[in-house]
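Working notes, beginning with the structure itself.
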Amino acid sequence: DTEVTQTPKHLVMGMTNKKSLKCEQHMGHRAMYWYKQKAKKPPELMFVYSYEKLSINESVPSRFSPECPNSSLLNLHLHALQPEDSALYLCASSQNRGQDKPQHFGDGTRLSIL
Amino acid sequence: AQTVTQSQPEMSVQEAETVTLSCTYDTSESNYYLFWYKQPPSRQMILVIRQEAYKQQNATENRFSVNFQKAAKSFSLKISDSQLGDTAMYFCALLAGGTSYGKLTFGQGTILTVHP
Chain A
558 DTEVTQTPKH
568 LVMGMTNKKS
578 LKCEQHMGHR
588 AMYWYKQKAK
598 KPPELMFVYS
608 YEKLSINESV
618 PSRFSPECPN
628 SSLLNLHLHA
638 LQPEDSALYL
648 CASSQNRGQD
658 KPQHFGDGTR
668 LSIL
Chain B
-11 AQTVTQSQPE
-1 MSVQEAETVT
9 LSCTYDTSES
19 NYYLFWYKQP
29 PSRQMILVIR
39 QEAYKQQNAT
49 ENRFSVNFQK
59 AAKSFSLKIS
69 DSQLGDTAMY
79 FCALLAGGTS
89 YGKLTFGQGT
99 ILTVHP
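Encoded structure:
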């Protein structure tokens, strides 16, 4: 069982829809991450939250909007997505951003844009 | 900038045999950690093993061990007594401080298939 829970597991949406991906962890971690992963490729970092503050923005399009309501929750709001945004979206958490703190991943949300 | 290179896109092994996955990396940081993650078709990224750059002793976790050659910037993963459940994509990853603080740098991955 994963200690990082992501919902939903699958999401199909049209390009005009608005939806949200959710991520939750109860390990007391203070850093949380969103990754985008295409098939047979490594994950690409989208956002990092450290102590509920956005620390890194990897020039991700504004149609992706992260939100960290508290230290256990991380949301990714989606709006007006494009077909190329279809991918696996992984959430991860770690104790903090230190190099000795490994990141623990959730099962991911498989997103398909029609 | 940091880079991680996995030169073997795909590998296969017979059940119960041993297989080694290769990884090389580059970083200007003096303190860093290296990781191997496993991603089976069920898609969860699972941490397999980690190695601190300052430790000379190679890390071991049950059937998984690494060969860490710091001077050569090499970090290979050896899987002994391979099992069908080891079939997955394996990613080598680097986590360092400095300007890349908190950013995991992944290699391109190696697809490992274990045959019965």
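Just so you know, the sequences run in chain order A and B.
Just so you know, we're using our numbering here: the first sequence kicks off at 558 and counts up by one.
Just so you know, we're using our numbering here: the second sequence kicks off at -11 and counts up by one.
All residues carry an ideal CB built from backbone N, CA and C; glycine is no exception.
If you draw a straight line from the Cα of GLU3(B) to the Cα of PHE621(A), it comes to about 43 Å. Here THR48(B) has no same chain residue with a Cβ atom under 7 Å from its own Cβ, once five neighbours each way along the sequence are excluded.
CA-CA distance, PHE56(B) to MET584(A), rounds to 30 Å. Contact residues of the region 7 to 38 of chain B toward chain A are ASN19, TYR20, TYR21, PHE23, ARG31, GLN32, MET33, LEU35 and ARG38 (C-beta to C-beta distance below 7 Å). Taking 9 Å as the threshold, the shortest C-beta distance from GLY97(B) to chain A falls below it.
A distance below 9 Å separates the beta carbons of GLN660(A) and TYR590(A). The C-alpha of ALA644(A) lies about 10 Å from the C-alpha of GLY665(A). The beta carbon of LYS91(B) falls within 9 Å of a beta carbon belonging to chain A, placing the residue at that interface. Around the beta carbon of HIS586(A), 16 or more other beta carbons lie within 10 angstroms, which makes this residue buried.
For the region 577 to 588 of chain A, the set of positions with a beta-carbon nearer than 7 Å to some beta-carbon of chain B reads ALA588 in chain order. In this structure THR98(B) is buried. Its beta-carbon is surrounded by 16 or more other beta-carbon atoms within 10 angstroms. In this structure, MET570(A) lies near LEU668(A), with their beta-carbon atoms less than 9 Å apart. Taking all protein chains in view, the Cβ of THR101(B) is surrounded by fewer than 16 other Cβ atoms within 10 Å, so the residue is classified as exposed. Taking 9 Å as the threshold, the shortest C-beta distance from SER643(A) to chain B does not fall below it. For a cut-off of 8 Å, the C-beta gap from GLY663(A) to LEU647(A) is around 6 Å, short enough to register as a contact. When the beta-carbon positions are compared, MET33(B) and LYS26(B) come within less than 9 Å of each other.
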